[in-house]
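**Student:** So that we are looking at the same thing, I have put the structure below in structure tokens.
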Amino acid sequence: INLFVGTDIKYDEKEEVVNMCKAWDDHKKRGIQEGMQRGMQQGMQQGRLFEIYLSVQEGDYSAKRGAEKAEMSLDEFEKAMSKAGYKIPELV
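Here the sequence shown is numbered in our numbering, starting from 1 and rising by one per residue.
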């Protein structure tokens, strides 16, 4: 059972019945927690990128510097920024 659901349920080996509902519930809760953690991490990363895009759009720093901060190539950064609805300022 532990192998099947990826849990570490303690039970008496003499018992013939293991509460499968509890095993499934524990597995489900762990999945929800992991999903929430991943979602928060992705949300923070997305928020960070949006802040970089906005700073470039407003001219706080160059697209090249934005790409460095986002750990992307300049081409990747410009495409991602445009896809997210931000505009790269024209060079004067």
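Ideal placement from N, C-alpha and C gives every residue a C-beta, glycine not left out.
Write down the C-beta distance between S53 and M81 rounded to the nearest angstrom, noting that I regard them as a contact closer than 8 Å.
**Tutor:** This sequence places Tyr at residue 53; Ser is not what is there. Indeed, because the Cβ distance is near 5 Å, the residues count as touching under 8 Å.
**Student:** Suppose contacts are defined by Cβ-Cβ distances below 7 Å. Is K64 in contact with L74 by that definition?
**Tutor:** Taking 7 Å as the Cβ cut-off, K64 and L74 qualify as a contacting pair.
**Student:** Going straight from the alpha carbon of A67 to that of Y61, what length do you get?
**Tutor:** Their Cα atoms are separated by approximately 10 Å.
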